[in-house]
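Below is one structure, written out as structure tokens; the observations come after it.
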Amino acid sequence: MLVKVASVQMNPKIFAADENIDKTVVLANEAITKGANLVVFPECSLTGYCYESENEATSAAISADGESLEKIVDLAKSAHVWIVVGMVEKDAGNIFNSFVVIGPKGVEAKYRKSHLSNLGVDNFVLPGNEPFTVIETPVGKLGPLVCYDVRFPEHARVLALEGAEILVHITNLPITASAQVDYLLPTRANENRAYVVSSDRIGEERGFKFLGRSSIFGVHGEILAQANDKDETIIFAELDLDIARKKQVYYPPAPGKPVEHINDLFGRRRPELYNRLIEK
Numbered sequence: 001m002l003v004k005v006a007s008v009q010m011n012p013k014i015f016a017a018d019e020n021i022d023k024t025v026v027l028a029n030e031a032i033t034k035g036a037n038l039v040v041f042p043e044c045s046l047t048g049y050c051y052e053s054e055n056e057a058t059s060a061a062i063s064a065d066g067e068s069l070e071k072i073v074d075l076a077k078s079a080h081v082w083i084v085v086g087m088v089e090k091d092a093g094n095i096f097n098s099f100v101v102i103g104p105k106g107v108e109a110k111y112r113k114s115h116l117s118n119l120g121v122d123n124f125v126l127p128g129n130e131p132f133t134v135i136e137t138p139v140g141k142l143g144p145l146v147c148y149d150v151r152f153p154e155h156a157r158v159l160a161l162e163g164a165e166i167l168v169h170i171t172n173l174p175i176t177a178s179a180q181v182d183y184l185l186p187t188r189a190n191e192n193r194a195y196v197v198s199s200d201r202i203g204e205e206r207g208f209k210f211l212g213r214s215s216i217f218g219v220h221g222e223i224l225a226q227a228n229d230k231d232e233t234i235i236f237a238e239l240d241l242d243i244a245r246k247k248q249v250y251y252p253p254a255p256g257k258p259v260e261h262i263n264d265l266f267g268r269r270r271p272e273l274y275n276r277l278i279e280k
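Residue numbers for the sequence shown follow the UniProt record's numbering, so the first one is 1 and each next one is one higher.
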């Protein structure tokens, strides 16, 4: 099964949710006209990130309901596509750093960032505490990751074990984090035999400079598409989900081994030896 994905690299504004939503619709529509079935935006793309107090963050938070996101919902419905956005979400008096999936039926799923850094709005939101869950859509089984989450290999592995075909990573990486793009993201793809679609923002917000370099990686960790570190842009890749569904690693014939052989990546796991992960 082939799907075309788009990773949008944009420069949202802080305290400007309405303007950011309008910009999201324009950029998503551009991606859709170029054939994208799944369009991914950065972390906090609708609200901005660098809030300096809980009061600021709470005042800027928006609800992840159909009314707040109506313009994006209308686009997803009319174009029959799936759009991932990031936002500071308010719910029942609390705020979260949330990953929201919008599709033809409206807001179809959300995930709240579990591993919080000590940067920006993460200082003021609550962590998500729900079990890591794959989001099933007609354009693939999505494994949600928000920025710092990707630093924890167990998170991506659980999603892969649950069947994730595309690890969707929305982020606000600082300019000092280029190693995450060069090494960490392709490793998550390779070790889980899953595609990685990473969307980062660009620009500067309250002295915080963002990395850009939004990327799409294949299941071996190879670069399928990558943006620069300066421009608002959209990158695209066509993904064969059948490849991500096969968790075997194939080795071609080699000296002394005249036939190809196969290692079952997940079948050879030894979970009985990993119990210290949960004891520590």
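We put the CB at the ideal spot given by N, CA and C, even for glycine. Being a predicted model, the structure only gives us computed values, none of them experimental.
Quick check on the burial criterion: 16 or more other C-beta atoms within 10 angstroms. Buried or exposed for residue i?
i: T176; result: exposed
i: H80; result: exposed
i: Q248; result: exposed
i: F132; result: buried
i: S78; result: exposed
i: I278; result: exposed
i: E43; result: buried
i: A92; result: exposed
i: R193; result: buried
i: N94; result: exposed
i: I262; result: exposed
i: S215; result: buried
i: L239; result: buried
i: E89; result: buried
i: T33; result: exposed
i: R276; result: exposed
i: N172; result: buried
How far does the beta strand (DSSP E) with residue i in it reach, from first residue to last?
i: A237; result: 233-240
i: I14; result: Segment: none, I14 is in no beta strand (DSSP E) and carries neither H nor E.
i: residue 282; result: No statement about residue 282 is possible, as the shown extent of the chain runs from 1 to 280 and does not include it.
i: E89; result: 82-91
i: H115; result: First-last for H115: undefined, no H or E at that position.
i: V125; result: Neither: V125 is in no beta strand (DSSP E) and is coded neither H nor E.
i: A227; result: Here A227 belongs to no beta strand (DSSP E), and DSSP marks it neither H nor E.
i: R168; result: Looking at the sequence itself, residue 168 is Val, so the reference to Arg does not match. That run of the beta strand (DSSP E) goes 166-170.
i: I216; result: 215-217
Quick one: measure Cβ to Cβ for residue i and residue j, integer angstroms, because I've assumed they're closer than 8 angstroms.
i: P174; j: F208; result: 6 angstroms
i: K110; j: N97; result: At roughly 11 angstroms, the Cβ-Cβ gap does not stay under 8 angstroms, so K110 and N97 are not in contact.
i: S178; j: R213; result: 7 angstroms
i: Y148; j: S117; result: 4 angstroms
i: A244; j: V5; result: Actually they are not in contact, since the Cβ atoms of A244 and V5 sit about 12 angstroms apart, beyond 8 angstroms.
i: W82; j: L38; result: 5 angstroms
i: V134; j: L159; result: 6 angstroms
Can you name, in chain order, every residue of its own chain whose Cβ lies under 7 angstroms from the Cβ of residue i, other than the five neighbours on each side?
i: F217; result: L185, P186, A189, Y195, V196, I223, L224
i: C50; result: I14, G120, E205, R206, F208
i: residue 299; result: The structure shown does not extend to residue 299, since the chain is modelled only from 1 to 280, so the question has no answer here.
i: T233; result: Q9, A227
i: S68; result: I62
i: P104; result: A76, K77, H80
First and last residue of the alpha helix (DSSP H) that includes residue i?
i: S59; result: 54-60
i: P138; result: Premise fails: P138 is in no alpha helix (DSSP H) and is neither H nor E.
i: K77; result: 70-79
i: N155; result: Rather than Asn, the amino acid found at residue 155 in this sequence is His. Counting along the chain, the alpha helix (DSSP H) containing H155 begins and ends at 153-161.
i: I102; result: First-last for I102: 94-103, but that is the beta strand (DSSP E), not the alpha helix (DSSP H).
i: I202; result: Segment: none, I202 is in no alpha helix (DSSP H) and carries neither H nor E.
i: residue 330; result: Coverage of the chain is limited to positions 1 through 280, which leaves residue 330 absent and any answer about it impossible.
i: A189; result: 185-192
Cutting at 6 angstroms between CB atoms, please list the residues of its own chain near residue i, excluding the five before and the five after it.
i: V85; result: F41, S45, L46, V100
i: L241; result: M1, G140, E165
i: F266; result: K247
i: H115; result: Y148, D149, F152
i: A36; result: K4, A6
i: T137; result: W82
Excluding the 5 residues preceding and the 5 following residue i in the sequence, name in chain order all residues of the same chain whose CB lies nearer than 8 angstroms to its CB.
i: D22; result: K71
i: V25; result: K71, I72, L75
i: N20; result: P12, K13, S45, L46, T47, G48
i: A31; result: A6, V8, V39, I234, F236
i: R269; result: none
i: H220; result: A189, N190
i: V107; result: A64, D65, G66, L69, V73, V100, V101
i: E155; result: First, the residue type needs correcting, since residue 155 is His and not Glu in the sequence shown. Counting only Cβ-Cβ distances below 8 angstroms, and skipping sequence neighbours, we find S114, H115, F132, L145, D149.
i: E52; result: R206
Quiz item: Is the segment 164-174 touching the segment 133-143 in the sense that three or more CB pairs, one from each, lie closer than 8 angstroms?
Solution: yes
Practice problem: Would you check if the segment 53-65 and the segment 123-139 touch, i.e. whether three or more CB-CB distances between them fall below 8 angstroms? | Solution: yes
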